[in-house]
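Novice:
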Amino acid sequence: MDVPLWLALLVVGFLGIKLIRPPWWLVAVLLLGGYIVADSVLGPAVGAVVK
4 MDVPLWLALL
14 VVGFLGIKLI
24 RPPWWLVAVL
34 LLGGYIVADS
44 VLGPAVGAVV
54 K
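Residues in the sequence shown are numbered consecutively from 4, following my numbering.
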């Protein structure tokens, strides 16, 4: 199943806010950082580690 990156990040962010209730700025930093890392040279390396 192929899920767009933006949709996966949105779902993870929404669930994180509902379940853990962290500060909004922390959620924004984590989502933006994850998006930047996924689109960088480190993306394939992180993908290999996660698989």
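Note that CB positions come from ideal geometry on N, CA and C, so glycine has one too.
For the alpha helix (DSSP H) that K21 lies in, which residues bound it at each end?
Specialist: Unbroken alpha helix (DSSP H) run through K21: L8 to I23.
Novice: Tell me the rounded alpha-carbon separation between Y38 and V14.
Specialist: The straight-line gap from Cα to Cα measures roughly 13 Å.
Novice: I need the straight-line Cα distance from P25 to W9, nearest angstrom please.
Specialist: Looking at the two C-alpha atoms, the distance is approximately 20 Å.
Novice: Short of 7 Å in beta carbon distance, which residues of its chain neighbour A48, apart from the five on each side in sequence? Order them along the chain.
Specialist: Closer than 7 Å at Cβ, skipping near neighbours: no residue.
Novice: Given a cut-off of 7 Å on the beta-carbon distance, is the pair V6 and I20 in contact?
Specialist: In this structure, I20 does not lie closer than 7 Å to V6 by Cβ.
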